[in-house]
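Inspection log for the structure reproduced underneath, given as structure tokens.
Residue numbers (the numbering used here): 34 to 365.
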């Protein structure tokens, strides 16, 4: 931008075609004067100096350190700029379970008190610094990967660089206790404080707060990642157990199953064999209470047998609760 011997209207603009070409323009109005750069490239990073030469007064200089971050541009003005950088943020962050599976499906069942292992793997991200005096480019350490539980940084973490541009941080929960339920486990990765870190995580959610539940973990994609739990029935109760039954007279036996998530499946047995004789009816009193009943007419052969009500979580078939009583059948 040369105004020697000319008016501002006749000023001569020039931009090196090997550097910016038509991408750069210099404007003096409005004040202060500005340099406009279009379609910024990673190669545009560096030290930018504004130099003004006066006819009689001393030359004035100012410098700007331009950092290019992916597609974002951030500059910092300084009078003694010695280092500039180009930063490419991490582009992928994944969470795996202790079996090395991406936590986007179902794992478990996991019981309360069991160990929970979450591994965060971050790919990409680099930070290069260039010395403007000699043009030498040096690499910085890989991105920082951190775990947060309910927004609080987990102490004593250890990152491992498994391969170029891949950083891993493993979170070990030795025992899943009740204070971890409904907690958010978040993995965060960043290699610069100039942009928002990328993150991924899971929320540990107990569907129903019961004593010593059996847990099943389900993972989804963050921010909707939910580590939810299937809970076995807490109580199975036959509230009224008749002292005696009259042969060939119909009677109805009721059973209450509480605490299961999802809804419990109720079955009846006699002497540990499925009981099919009679009319069965199940109703849901609320989201965790199932009322079941069976109506039947006992026969003399039922005398001395054990009638049992069994509540089972369909997601945790190995864990069930039951209540029973012995039939005392009398003839009229």
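Ideal placement from N, C-alpha and C gives every residue a C-beta, glycine not left out.
*Around the Cβ of residue 351, are there at least 16 other Cβ atoms within 10 angstroms (buried) or fewer (exposed)?*
exposed
*asked:* Quick check: residue 217 and residue 234, are their CB atoms within less than 8 Å of each other?
replied: yes
*Identify which residue in 209, 265 and 76 has its Cα closest to the Cα of residue 347.*
Comparing alpha carbon positions, the residue from 209, 265 and 76 closest to residue 347 is 265.
_Classification of residue 290 by the beta-carbon crowding that lies within 10 angstroms, buried from 16 upward_ = Residue 290 is buried by the Cβ-count criterion.
*Check whether the Cβ atoms of residue 123 and residue 65 lie closer than 8 Å to each other.*
no
*Under three-state DSSP, which class holds residue 205?*
strand
*In the structure shown, what three-state DSSP assignment does residue 360 receive?*
coil
_Whether residue 204 touches residue 278 by CB criterion (8 Å)_ = no
*asked:* Within 10 Å of its beta-carbon, does residue 133 have 16 or more other beta-carbons around it, so buried, or fewer, so exposed?
replied: exposed
_residue 101 to residue 219 span [Cα, whole Å]_ = Going by the C-alpha atoms only, they are around 27 Å apart.
*Kindly indicate which three-state DSSP category residue 82 falls into: helix, strand or coil?*
Looking at residue 82 - three-state DSSP - the assignment turns out to be strand.
*residue 183 versus 202, 155, 196 and 221, residue with shortest Cα-Cα distance*: 221
*Does the region 316-336 come close enough to the region 290-303 that 3 or more CB-CB pairs lie under 8 Å?*
The region 290-303 is in contact with the region 316-336.
_Assigned exposure category for residue 113 - 16 Cβ within 10 Å defines buried_ = At residue 113, the pLDDT of 40 sits below 50, so the modelled position is not reliable; the number obtained from the coordinates is stated separately. Exposed: under 16 other Cβ atoms inside 10 Å.
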